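Take the position in the sequence shown, starting the count at 1, then add 6; the result is the number in my numbering.
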Amino acid sequence: MALAVAALLALAVPAGTAHAQGAVRSVHGDWQIRCDTPPGAQAEQCALIQSVVAEDRSNAGLTVIVLKTADQKSKLMRVVAPLGVLLPSGLGLKLDNQDVGRAGFVRCLPNGCVAEVVMDDKLLGQLRTAKTATFIIFETPEEGIGFPLSLNGIGEGYDKLP
7 MALAVAALLA
17 LAVPAGTAHA
27 QGAVRSVHGD
37 WQIRCDTPPG
47 AQAEQCALIQ
57 SVVAEDRSNA
67 GLTVIVLKTA
77 DQKSKLMRVV
87 APLGVLLPSG
97 LGLKLDNQDV
107 GRAGFVRCLP
117 NGCVAEVVMD
127 DKLLGQLRTA
137 KTATFIIFET
147 PEEGIGFPLS
157 LNGIGEGYDK
167 LP
């Protein structure tokens, strides 16, 4: 599982730091389906990915990864935030300016810190109907940075994930 996580995260290096790896299978609005076979894996793994850079900080990027687990039983959203993020504050999410909640960071890797959420049908439905998502990270307890992200194509892209 750790190798699979690392491989999918390698697919999703934030814009401006390096080109994302893995083959682009299809484009759905502002989202891409990228696929790769991690070392030691039996099968190819695919994820729906979008990377953005903060409007006021070209060195701060964020990558959102939506995927189905190998057993197809769970839907996950992983967000890779830049190193230096304040971990205890977690990652905030707003959909069309409505606060949805926060997710904790689960680990930091060389390319960023990862927050992970198991998506239920309610959240997936909200993502399908909303126009924009804003992911909020904190560098200090008082200073949040919002990353606006287009949700154009997320529903179609999710439906096309193998």
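C-beta: ideal position from N, C-alpha, C; glycine also.
Just so it is clear, the structure is predicted and the values come from calculations on it, not from any experiment.
Below 7 Å between beta carbons: does that hold for residue i and residue j?
| i | j | result |
| --- | --- | --- |
| L171 | A136 | Residue 171 lies beyond the residue range present for the chain, which begins at 7 and ends at 168; the question has no answer from this structure. |
| P88 | A66 | yes |
Taking its Cβ as the centre, do 16 or more other Cβ atoms sit within 10 Å of residue i, making it buried, or is it exposed?
| i | result |
| --- | --- |
| H25 | Confidence in H25 is poor, its pLDDT being 40 and thus under 50, which makes the residue's placement too unreliable to answer from. |
| R40 | buried |
| G118 | buried |
| M7 | Residue placement at M7 is flagged as unreliable, the pLDDT there being 38, under the threshold of 50; the coordinate-derived value follows with that caveat. When all chains shown are included, M7 counts as exposed. |
| S80 | exposed |
| Q56 | buried |
| G163 | buried |
| L115 | exposed |
| L17 | Low confidence applies to L17: its pLDDT is 41, below 50, so where it sits in the model is not reliable, and the reading given next is rough at best. So L17 ends up on the buried side. |
| E112 | Per the sequence shown, the amino acid found at residue 112 is Val instead of Glu. Counting Cβ neighbours within 10 Å, V112 comes out exposed, since fewer than 16 surround it. |
| Q78 | exposed |
Per the DSSP calculation, residue i is bridged to which residue(s)?
| i | result |
| --- | --- |
| G67 | V59 |
| R108 | G98 |
| Q132 | None, per the DSSP bridge assignment. |
| D165 | Per DSSP, none; premise fails for D165. |
| T184 | Here the chain covers residues 7 to 168 and nothing more, so residue 184 does not appear. |
| M125 | BP columns for M125 are empty, so no partner. |
| E149 | T146 |
| D42 | Q51 |
Taking residue i as the reference, which of the options has the closest Cα?
| i | options | result |
| --- | --- | --- |
| T43 | E145, A29, L54 | A29 |
| H34 | P94, L54, C114 | L54 |
| P147 | Q78, L130, L93, V112 | L93 |
| K74 | A139, G150, L130 | L130 |
| C52 | E145, D127, L82 | L82 |
So does the region 82-102 actually touch the region 112-129, counting three or more Cβ pairs closer than 8 Å?
yes
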